[in-house]
Each structure stands twice: as C-alpha cells, then as structure tokens.
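Straight run, no breaks: the sequence shown in my numbering ends on number 247.
Each residue gets a CB set at the ideal place from its N, CA and C atoms; glycine is no exception.
These figures come from a predicted structure and were not determined experimentally.
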Amino acid sequence: MNRVLQLIKKDLIVDWRQQNPITGILLYLASTIFASYMAFEGFVSVEVWNALFWIILLFTSINAISKSFIQEERRSHYYFFLSKPFEIILAKLIYSFAYLFCIAIVSLIIYSVLLGNPIVNYGLFMLNLTLGCIGLSAAFTMVSSIAFRSSNRSIMMAVLGFPVIIPVLILSISNSSKILDSYVFMQIQGNLTALFSVDVIIIALTFVLFPFTWKS
C-alpha cells in the first residue's frame, strides 16, 4: 500500500509542477459554463440544467483523465521494475477519481452560481455524482492504459471509450434527472445499484487487462 501512496503522491507532484493542464482544464470548465450562461441568459429548465451539467463533466473528464498514461510513456520501463502492475493501476484509479471528483465539485459550484441550483436532496445527488465519477474515471483510465501503447491514440480512445462510458452516462443522467425531480432513495435504489455494478465491472476489467497491456 505504501507504493500505491507513493505513486499517487508522484502524480500529484507532477500535475502540480506542470500547472498548464490544470489551468487549461479550469479555463475550459469556466468558459464552457459561462458560454452556457450567455446562451441561455442565465435561466434554464431543470432538464436542460441536468443535461448540460453531465455534458460539461463528460468532456472535462476526457481532457483531464485521457492523458493519465500517455504522460508516463517515457517512464514506463522504470515503473515496470519499480512496482507491480496492480499497484500502478490502483494508484491511477484512485488519483483519477479524486481528480475528477474535485473537478465535478468545482463545476457544480460555478454552475450553481451562473445557472442556478435546482438540487434539493444534496446527499442523494452527491451519491449519484460520486458513482458517476467513479465510472467515468475508471473507464477513461482503462482506455488510456490501452491506448498509450498505440500509435493512433486519439482513434483508440474514441473507439474504445465510447461503448464503455455509455452505460455509465445513461444511468448517471437518469438518476440525476429523477433526483432533481424529487425522487427519494428507495425510488432509484435499483438504478443506483445498477450504476455501482457497472463501476465494479469496469474496475474489474481494468485490473484484468492492465497487466497484459503494461507488459506488451
């Protein structure tokens, strides 16, 4: 576990020193939300609010997480002798989720200031948001770990990523819409369980596939 923590710390230090990706993501996030605010003149319906929120979060997560393994290309052989594949992918999954969840919180704050906040049940909304962030971060981490060995990374990311994130998006958006429509936990328990199951499947596939792609 100590090696996992050290790898997470390494990713944090690298991102802190190379602040261009972080500032770029924050600028992209703020400008996208502000453009939505200008387009709708500060007022949107609950349905549009929900759709825009997840669309913005989706494309921000692509920019934030899809390069998680691409930046490790030159150091991959060093990590091969330093750590086990299980430790590397576990550290990446934890860091990617934490990174995306922080982005989601910042997005929600800016979004609420400019476009209002129809959320009533914050606990249930945050639970669904957490499960959605786990699914998106795990999916893009898995796809990034496969695509970084390929010469056509952008094509590989699009081809592999799209079918993986579809069930996560469908369930997350559906749950979010029902939560904003004042549904309680018992009414969407089945959907939350399904979203959690999809997250577990994606994470399990990541652990199964990563050792083979890492050694290839």
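Asked, Found
"Helix, strand or coil: which one does DSSP assign to D42?", "helix"
"Less than 8 Å between the C-beta atoms of V199 and G166, yes or no?", "yes"
"Rounded to whole angstroms, how far is the Cβ of F216 from the Cβ of L155, which I believe are closer than 8 Å?", "6 Å"
"Please report the straight-line C-alpha distance between F71 and F65, rounded to a whole angstrom.", "10 Å"
"Helix, strand or coil for V251? Go by DSSP, reduced to three states.", "As displayed, the chain neither begins before 32 nor continues past 247, which places residue 251 out of reach and without an answer."
"So, for L236: in the same chain, excluding its five sequence neighbours on each side, which residues have a beta-carbon less than 8 Å away from its beta-carbon?", "M173"
"Decide if the stretch 121-141 is in contact with the stretch 85-100; the criterion is three or more beta carbon pairs, one per stretch, under 8 Å apart.", "yes"
"Quick one: Cα of K209 to Cα of V77, how far?", "11 Å"
"Whole alpha helix (DSSP H) runs in the stretch 144-184 with 4 or more residues, listed along the chain?", "153-178"
"Helix, strand or coil, according to DSSP, for E72 in the structure here?", "coil"
"Return the CA-CA distance between K123 and G55, expressed in angstroms with no decimal places.", "21 Å"
"In angstroms, rounded to a whole number, what distance separates the CA positions of S97 and P149?", "31 Å"
"So, at 7 Å on beta carbons, what are the nonlocal neighbours of A95 in its own chain, with the 5 sequence-adjacent residues on each side left out?", "I56, Y130, L131 and I134"
"On the criterion of 16 or more Cβ atoms from any shown chain inside 10 Å, does I177 qualify as buried, or is it exposed?", "buried"
"Alpha helix (DSSP H) containing S92: first to last residue?", "V77 to I96"
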